[in-house]
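J.: Counting with the working numbering, you get residues 281 to 728 for the letters of the sequence shown.
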Amino acid sequence: MKRILLVNPWIEDVSAYDYWLKPLGLLYISSALKHLVIEPVVIDCLDRYDLELVSFGARRGDRHFGTGKFLEEEIAKPRSIASIPRKFKRFGFPEEVLRRKLRGSGSVDGVFVTSMMTYWHYGVSDTIRVIREEKPGIPILLGGVYATLLPDHARQYSGADFVCPGTGMKPLEKALAHLGIDSTLQFDWFEDLDPDYSIYESPRYAVVITSLGCPFRCTYCASSFLWDGFLSRDSFRTTEYIKFLIETKHLSDVVFFDDAILVGNGFKELMREIENRRIRTRFHLPNGVHARFLDMETAGLMFENNFKTIKIGLETSDPALQNTTGGKVSSRDFYQAIQNLFEAGFTSREVSAYIMVNLPGQSEKDILNSLEVCEELGVNPSINEFTPIPGTAQWKDLVDGGMFNEEIDPLLLNNSILPHWWEGGFSFKTIQRLKEAAWSLRRKLSGE
Ligand code: SF4
């Protein structure tokens with residue numbers, strides 16, 4: 281039987297936190313390989329619950345609901361940020377653990393590495409360097425979000441032998457064809473497969489999705505670049521899988537990471553299934569749900585099903601900016617959604633609102649207004665610093681406006697490193713002040 285090694289690489293950045301990060305695409309690829317009678321072997325460098333990490337003190341980083349701090353190690357800074365006074369770190373497995381796991385993975389026909397944020401590309405190339413040293417002569421193929429948004433950059437810098445951009449199963453077909461393995465996938469992967477959590481001995485939480493893509497086209501978001509249109513999965517299958525995970529993996533938390541979970545009727549159907557079958561766990565929606573679809577029935581179903589984290593995408597309270605960035609929310613939608621949630625029984629402990637900071641064209645006053653709206657409604661603000669994502673309309677505008685060129689090291693677009701490099705962008709001090717205002721409101725709302 282053919283064997284493929286699947287690797288979720290390190291993160292290398294100035295900061296990182298396990299806010300329910302799971303390599304969902306890789307877990308689907310693992311399931312697809314099993315379907316094709318190919319044996320997957322998975323190494324997730326970001327698995328904080330890996331049993332080998334206990335001796336490194338990994339559990340000391342645990343926080344709420346399965347989130348927590350990664351193990352970290354300071355490493356040499358890339359040249360592009362040499363003059364910036366921040367420590368650069370590698371997050372995830374210590375190198376010796378990765379090397380040991382690679383040696384223990386046995387003989388494989390190829391290695392598929394996934395990728396997430398474009399500005400984490402140093403973690404990708406560093407992981408590939410180690411794989412190359414431990415598995416000389418084995419083809420290394422790269423897919424994932426970074427490979428899709430910046431394929432030429434990935435070809436030039438990742439060290440992979442072959443880059444497979446794209447979403448869904450297309451990259452897998454390309455990768456298997458590259459290895460000379462029959463790659464005809466005769467199944468509907470999103471309906472027929474579940475992400476393969478069997479690879480984790482003790483996952484503690486699981487991330488699942490019930491839909492793909494989003495019908496909106498916000499100027500700062502890559503969803504429409506990654507997925508064509510919007511597709512919802514049969515809710516019965518998702519319920520079955522959540523039940524299976526809770527029973528077999530003893531999960532305490534299930535996290536939905538859809539881009540647009542409230543679009544259509546799928547979410548309500550799912551919630552009714554979960555309620556009827558008395559599936560009890562803690563659920564979370566950290567990805568900024570659409571206020572306009574959060575009606576009273578939805579709020580009630582969420583309350584009955586024990587949701588502990590509900591993030592609503594407000595982003596901006598400026599009606600003009602709401603419209604020019606994609607029209608996904610209006611202040612009226614937001615007020616109504618919050619009212620529905622509070623009437624259903626939620627409090628500011630569970631509900632918070634994403635507020636974008638440093639969007640090109642945004643004023644400081646807009647953010648202060650959004651904070652006032654949050655205070656008025658009793659909703660915790662969650663500051664979300666704008667990062668230009670390659671391929672989005674906002675990215676193109678900044679490139680066309682000469683703010684940076686397409687060859688820029690993506691690391692420099694990370695808002696933790698350089699927040700204010702475009703004309704009119706906020707200074708580091710302004711961003712700090714706004715973050716402190718948000719923190720002070722959070723403290724006030726929690727009664728501290
Ligand atoms: S609504 Fe959300 S997921 Fe959809 S395009 Fe806008 S930001 Fe992206």
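Note that CB positions come from ideal geometry on N, CA and C, so glycine has one too.
Whose C-beta lies closer than 8 Å to the C-beta of Ser628 among residues of the same chain, with five residues either side of it excluded?
T.: Same-chain partners within the cutoff: Gly658, Val659, Asn660, Leu725, Ser726.
J.: Once you ignore the five residues that flank Val321 on each side, which residues in its own chain have a CB closer than 8 Å to its CB?
T.: Closer than 8 Å at Cβ, skipping near neighbours: Arg283, Ile284, Leu285, Leu286, Ser385, Gly386, Val388.
J.: Could you check what DSSP says for Glu665 in three-state terms: helix, strand or coil?
T.: Of the three classes helix, strand and coil, the one that applies to Glu665 here is strand, per DSSP.
J.: Kindly indicate which three-state DSSP category Gly384 falls into: helix, strand or coil?
T.: Residue state, collapsed to three classes: helix.
J.: In or out: Trp400 buried (at least 16 other Cβ within 10 Å) or exposed?
T.: Buried is the call here.
J.: For Thr347, tell me which candidate among Thr398, Ile355, Leu378, Arg562 has the shortest Cα-Cα distance.
T.: Ranking Thr398, Ile355, Leu378, Arg562 by Cα distance to Thr347 puts Arg562 first.
J.: Let me know the beta strand (DSSP E) ranges lying completely inside the segment 402 to 480, each 3 residues or longer, listed in chain order.
T.: Qualifying beta strand (DSSP E) stretches, in chain order: 420 to 422.
J.: State the CB to CB distance for the pair Leu574 and Leu531, rounded to an integer number of angstroms; the pair is presumed to be in contact (CB under 8 Å).
T.: Not quite, the Cβ-Cβ distance comes to about 25 Å (not below 8 Å), so this is no contact.
J.: How far does the beta strand (DSSP E) with Pro599 in it extend, from its first residue to its last?
T.: Pro599 -> not in any beta strand (DSSP E); alpha helix (DSSP H) instead, spanning 599 to 604.
J.: Lys588 lies in the beta strand (DSSP E); which residues open and close that run?
T.: First-last of the beta strand (DSSP E) with Lys588: 587 to 595.
J.: Return helix, strand or coil for Lys799, following the three-state DSSP convention.
T.: Because the chain is modelled from 281 through 728, residue 799 falls outside the range shown and cannot be assessed.
J.: Pick helix, strand or coil for Asp324, following the three-state DSSP scheme.
T.: Reduced to three states, the DSSP call for Asp324 is strand.
J.: Which term fits Asn603, buried or exposed, when burial requires 16 or more other beta carbons within 10 angstroms of its beta carbon?
T.: When all chains shown are included, Asn603 counts as exposed.
J.: Whose CA, out of Ser696, Pro566, Gly705, Gly607, lies closest to the CA of Trp300?
T.: Of the listed residues, the one whose Cα sits closest to Trp300 is Pro566.
J.: Quick check: the segment 640 to 660 against the segment 471 to 480, are at least 3 beta-carbon pairs closer than 8 Å?
T.: Judged by Cβ distances under 8 Å, the segment 471 to 480 makes no contact with the segment 640 to 660, as fewer than three pairs qualify.
J.: Compute every distance between the C-beta of Ser504 and the non-hydrogen atoms of the ligand SF4, then say whether any falls below 7 Å.
T.: Yes, the ligand SF4 has a heavy atom inside 7 Å of this Cβ.
J.: Please go through the same chain and pick out, in chain order, the residues whose beta-carbon is closer than 7 Å to the beta-carbon of Phe583, but skip the five residues on each side of it.
T.: The answer, listed in chain order, is Ala624, Gly625, Phe626.
J.: Considering only heavy atoms of the ligand SF4, does any lie closer than 7 Å to the CB of Phe496?
T.: Under cutoff, so the answer is yes.
J.: Compute every distance between the C-beta of Ala540 and the non-hydrogen atoms of the ligand SF4, then say whether any falls below 7 Å.
T.: Yes; taking the cut-off as 7 Å, the Cβ of Ala540 has a heavy atom of the ligand SF4 nearer than that.
J.: Give a yes or no on contact between the segment 401 to 421 and the segment 429 to 442, applying the rule of three or more CB pairs nearer than 8 Å.
T.: The segment 401 to 421 is in contact with the segment 429 to 442.
J.: On a Cα-Cα basis, can you pick out the residue from Gln466, Glu332, Cys444 that is closest to Leu459?
T.: Here the closest residue by C-alpha is Cys444.
J.: Between the Cα of Phe505 and those of Arg713, Ala571, Asp293, Gly671, spot the shortest distance and give me the residue it belongs to.
T.: Ranking Arg713, Ala571, Asp293, Gly671 by Cα distance to Phe505 puts Gly671 first.
J.: For Ser335, count neighbouring C-beta atoms within 10 Å of its own C-beta (all shown protein chains included) and say buried if the count is 16 or more, exposed if not.
T.: Flag for Ser335 reads exposed.
J.: Quick test of your reading: Val534 and Val488, contact by CB under 8 Å. State the CB separation rounded to the nearest angstrom.
T.: Indeed, because the Cβ distance is near 6 Å, the residues count as touching under 8 Å.
J.: Hey, Leu304 and Phe536 are a contact pair by Cβ (cut 8 Å); roughly how many whole angstroms apart?
T.: Not confirmed; about 11 Å, so no contact.
J.: Please confirm whether Lys588 has its beta-carbon closer than 8 Å to some beta-carbon of chain C.
T.: In the displayed structure, chain C is absent; only one protein chain is listed.
J.: If you reduce the DSSP assignment to three classes, tell me which class Ala389 lands in.
T.: In the sequence as presented, Ala is not what sits at residue 389; that position holds Asp. Of the three classes helix, strand and coil, the one that applies to Asp389 here is coil, per DSSP.
J.: Is the beta carbon of Gly733 within less than 7 Å of some heavy atom of the ligand SF4?
T.: There is simply no residue 733 to check, as the chain begins at 281 and stops at 728 in what is shown.
J.: If contacts are defined as beta-carbon pairs under 8 Å, then Ala633 and Ile592 qualify, I think. What distance do you get, rounded to the angstrom?
T.: At roughly 5 Å, the Cβ-Cβ gap stays under 8 Å, so Ala633 and Ile592 are in contact.
J.: Compute every distance between the C-beta of Gly606 and the non-hydrogen atoms of the ligand SF4, then say whether any falls below 7 Å.
T.: Because some heavy atom of the ligand SF4 lies under 7 Å away, the Cβ of Gly606 counts as near it: yes.
J.: Should Gly509 be counted as a contact of the ligand SF4 given a C-beta to heavy atom distance under 7 Å?
T.: No, since every heavy atom of the ligand SF4 falls outside the 7 Å radius drawn around the Cβ of Gly509.
J.: Residues in its own chain within less than 8 Å of Gly704 by CB, not counting five upstream and five downstream?
T.: Taken in chain order, the residues that qualify are Pro640, Gly641.
J.: Between which two residues does the beta strand (DSSP E) containing Met281 stretch?
T.: Here Met281 belongs to no beta strand (DSSP E), and DSSP marks it neither H nor E.
J.: Going by Cα to Cα distance, which pick from Cys654, Gly493, Val653, Gly448 is closest to Asp539?
T.: Cα-wise, what sits closest to Asp539 is Gly493.
J.: Roughly how many angstroms separate the alpha carbons of Pro451 and Ile309, rounded to a whole number?
T.: The straight-line gap from Cα to Cα measures roughly 10 Å.
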